[in-house]
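Undergrad: Protein chains in written order, with my numbering: chain P, 99 to 359; chain F, -8 to 205.
All residues carry an ideal CB built from backbone N, CA and C; glycine is no exception.
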Amino acid sequence: MAILEVSRIEKRFGDVQVLRDISFTLDKGQSLAVIGSSGSGKTTLLRCLNFLERPDSGTIAVGGRTLFDAADPAARSEEQIRRSRLHFGLVFQSFNLFPQYTALENVMLARTLLAKEAPDYKSRRREITEAIRQQAVDLLTQVGLQNRLDSYPHQLSGGQQQRVAIARALALEPDILCFDEPTSALDPELTGEVLKVIRSLAERNTTMIIVTHEMGFARDVADQIIFMDEGVIVEQGPSEQVIGSPREERTRQFLRRFNQE
Amino acid sequence: MVSFWSVTASLATGLITTGKLFFLTLVFALPLGLIICFGSMSRFPPLRGLVKTAVWIVRGSPLMLQILIVYYGPGLLLGLPLLPRFTAALVTFVINYACYFSEIYRGGIQSIPRGQYEAGQVLGMRRSQIFFRVTLLQLVKRIVPPMGNEMITLVKDTALVRVISVYEIIWMGESFIRKGMMWPLFYTAVFYLAVNGLLTLLLGWFEKKLSYFK
Ligand SMILES: Nc1ncnc2c1ncn2[C@@H]1O[C@H](COP(=O)(O)OP(=O)(O)OP(=O)(O)O)[C@@H](O)[C@H]1O
Ligand SMILES: [Mg+2]
Chain P
99 MAILEVSRIE KRFGDVQVLR DISFTLDKGQ SLAVIGSSGS GKTTLLRCLN FLERPDSGTI
159 AVGGRTLFDA ADPAARSEEQ IRRSRLHFGL VFQSFNLFPQ YTALENVMLA RTLLAKEAPD
219 YKSRRREITE AIRQQAVDLL TQVGLQNRLD SYPHQLSGGQ QQRVAIARAL ALEPDILCFD
279 EPTSALDPEL TGEVLKVIRS LAERNTTMII VTHEMGFARD VADQIIFMDE GVIVEQGPSE
339 QVIGSPREER TRQFLRRFNQ E
Chain F
-8 MVSFWSVTAS LATGLITTGK LFFLTLVFAL PLGLIICFGS MSRFPPLRGL VKTAVWIVRG
52 SPLMLQILIV YYGPGLLLGL PLLPRFTAAL VTFVINYACY FSEIYRGGIQ SIPRGQYEAG
112 QVLGMRRSQI FFRVTLLQLV KRIVPPMGNE MITLVKDTAL VRVISVYEII WMGESFIRKG
172 MMWPLFYTAV FYLAVNGLLT LLLGWFEKKL SYFK
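(1) Among all the DSSP beta bridges, which residues are the ones paired with I133 of chain P?
(2) With 8 Å set as the bound, which would you pick, yes or no: does the beta-carbon of A208 of chain P sit closer than that to a beta-carbon of chain F?
(3) Which of helix, strand or coil does DSSP assign to R302 of chain P?
(4) Tell me, please, which residues DSSP counts as bridged to C276 of chain P.
(5) In the DSSP assignment, find the alpha helix (DSSP H) that holds F182 of chain F and state where it starts and stops.
(6) Rounded to the nearest angstrom, what separates L196 of chain P and E328 of chain P at their Cα positions?
(7) For M206 of chain P, collect the residues of the same chain with a Cβ closer than 6 Å to its Cβ; drop the 5 residues on either side in sequence, then sort them by chain order.
(8) What does the Cβ neighbour count give for P280 of chain P, buried or exposed, with the cut at 16 atoms within 10 Å?
(9) So, does the CB of Q101 of chain F fall closer than 8 Å to a CB anywhere in chain P?
(10) Is the beta carbon of A320 of chain P sitting closer than 8 Å to the one on S121 of chain P?
(11) Just to confirm the assignment, what range does the beta strand (DSSP E) spanning D119 of chain P have?
(12) Going by other Cβ atoms of all chains shown within 10 Å of its Cβ, with 16 needed for buried, is N357 of chain P buried or exposed?
(13) May I ask you to report which of helix, strand or coil DSSP gives I48 of chain F?
(14) Would you check if the segment 135 to 146 of chain F and the segment 89 to 108 of chain F touch, i.e. whether three or more CB-CB distances between them fall below 8 Å?
(15) If the cut-off is 9 Å on Cβ atoms, which residues from the segment 307 to 324 of chain P count as contacting chain F, listed in chain order?
(16) Look at the alpha carbon of I58 of chain F and the alpha carbon of F13 of chain F, and state the distance between them as a whole number of angstroms.
(17) For ligand 1, is there any heavy atom lying closer than 7 Å to the beta carbon of F149 of chain P?
(18) Consider the C-beta atom of E279 of chain P and the heavy atoms of ligand 2; say whether any pair is separated by less than 7 Å.
(19) Just the residues with CB closer than 5 Å to a heavy atom of ligand 1, in chain order, which are they?
(20) Would you call Y132 of chain F buried or exposed, if buried means 16 or more other Cβ atoms sit within 10 Å of its Cβ?
(21) DSSP on T144 of chain F, reduced to helix/strand/coil?
(22) What is the residue span of the alpha helix (DSSP H) that L6 of chain F lies within?
(23) State the Cα-Cα distance for the pair G85 of chain F and T78 of chain F, rounded to the nearest angstrom.
(24) Buried or exposed for T(-1) of chain F, please, with buried defined as at least 16 other CB atoms from any protein chain shown within 10 angstroms of its CB.
(25) From P:Y199, P:R118, P:F149, P:A283, pick the residue whose C-alpha is nearest to that of S202 of chain F; which is it?
(26) From the DSSP output, which residues share a beta bridge with V104 of chain P?
(27) Report the residue from F:V113, F:S52, F:G139 whose alpha carbon sits nearest the alpha carbon of L192 of chain F.
(28) Using a Cβ cut-off of 7 Å, pull out every chain F residue sitting near P280 of chain P, in sequence order please.
(29) Could you tell me whether any Cβ in chain P is nearer than 8 Å to the Cβ of K205 of chain F?
(30) What does DSSP give as the partner residues of R110 of chain P in its beta bridges?
(31) CB V393 of chain P to CB V309 of chain P, shorter than 8 Å?
(32) So is M116 of chain F in contact with chain P if we call contact Cβ pairs under 8 Å?
(33) Assign T16 of chain F to buried or exposed, taking buried as 16 or more other Cβ atoms, counted over all protein chains shown, within 10 Å of its Cβ.
(34) Please list the partners that V125 of chain F has in chain P, where partner means a Cβ-to-Cβ separation under 7 Å.
(35) Span of the beta strand (DSSP E) holding P75 of chain F?
(36) Hey, which unbroken runs of the beta strand (DSSP E) at 3 residues or more fall wholly within the segment 102 to 141 of chain F?
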């Protein structure tokens, strides 16, 4: 059963058509890798899913409920967009941790702010805060940072920062967790620790969309792969097939260029 | 012989005027600067253009000239009664410094990476939450050093109000020259150095408080 249904998304910036007729579905517990050369629109697609960009047309539905429909401009208050965003998480290429908060505080912040909206927050404040703290500690333990709870981002390596960012995104328990080239800002010796965390998430059946240039990783971890070129989906299918025996010539060319590097 | 203490007392009355001008300028110019800053970043081009031009004029012309225009202008150009001297001086300082502060705020706001706002957004935060919980402290950290420099300049700029005969501290010191005394003038320098020394310490302490993150 598809948890995510993306249908006919189009996006242009000025005269440049960046996404054309993007449609795909993703099943719960599955992971999808998006590959493609630079400028093919991968980041823009993730930004549309997280409502950082507004598609010009198309629909996005999660769990059978339409969250976004470009044809229906009435239903898009800021508050509604904010609510819709909670279905998705996004891990950025450049981490974007909040520098003034410790690792633990980074993970707790959004959850705490959401909890304050609950009517009984005031009376159960202690208990709620403790639960959020415990969850954050568990998540940081899960990404191997149980010893760095009180470190500030500038005291952490890039790989550690990215793992905090993953824990921070997981804290809101999104239906779909998106990664935008999570390791491409890292030194090569640090990519392994981050990929390991993502791999373990896949093993726990976290629903994920991973934009990546790590082909081997995409093949091993993702269930499905989408290959994009110039804003269109050229090929999509099971990861073994797309990487192992691509049907489209453009995919083959892309992979060949990749293997040469 | 005028005693050390009577000179001190006389300079102290000047210092009160100087101090009042300094604090009141900060009290009004700090918030006004933020409003001007929002104007200069407005998404409405005519407003943005207007505000930016005004800021350019204020920052590009001498403060002393501005004091003279604000004091004499209403009377000579419009036939209005003159403002009290101190009020005219204060109005000029507030406008002038608000313009400088607005540029500092703008630089600070624009130097915060977009990723900080976007990280807040994808975590389901409201606009106000992002401002207060994510960007505000980073902004404060960035603007403290340039604000500190402006404040030290402000302390010294207060001496300019003598062009419309507001009796600030140097005016008081200079009055002793007629009695053949030079040292009260040097004495005024001690006041400036003391105030700026204190200010430097305070700002240094504040910067240190914020140095726990980068
Ligand atoms: N805000 C924007 N305004 C104008 N053009 C943009 C904007 N964002 C992206 N583009 C353009 O859209 C195209 C797709 O960009 P996008 O960042 O989605 O590509 P990408 O597949 O993520 O590339 P990379 O692998 O380099 O990250 C590019 O040509 C880019 O220049
Ligand atoms: Mg990209």
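TA: A quick look at the data gives this:
(1) P:F325
(2) yes
(3) coil
(4) P:L188, P:I307
(5) 174 to 200
(6) The amino acid at residue 196 of chain P is misidentified as Leu; the sequence shows Phe. Each residue's Cα considered, the two are about 33 Å apart.
(7) I230, A234
(8) buried
(9) no
(10) no
(11) 114 to 125
(12) exposed
(13) helix
(14) yes
(15) none
(16) 15 Å
(17) no
(18) yes
(19) P:F111, P:V116, P:S136, P:G137, P:S138, P:G139, P:K140, P:T141, P:T142
(20) The displayed chain sequence assigns Lys, not Tyr, to residue 132 of chain F. By the neighbour-count rule (16 or more Cβ atoms within 10 Å), K132 of chain F is buried.
(21) helix
(22) -5 to 31
(23) Contrary to the premise, residue 85 of chain F reads as Val rather than Gly in this sequence. When rounded, the distance between both Cα atoms is 10 Å.
(24) exposed
(25) P:Y199
(26) P:F122, P:I158
(27) F:G139
(28) Within 7 Å Cβ-Cβ: nothing; P280 of chain P doesn't reach chain F, min ~14 Å.
(29) yes
(30) P:Q115
(31) Residue 393 of chain P lies beyond the residue range present for chain P, which begins at 99 and ends at 359; the question has no answer from this structure.
(32) yes
(33) buried
(34) F196
(35) Taken as a continuous stretch (DSSP letters only), P75 of chain F belongs to no beta strand (DSSP E), as it is neither H nor E.
(36) none
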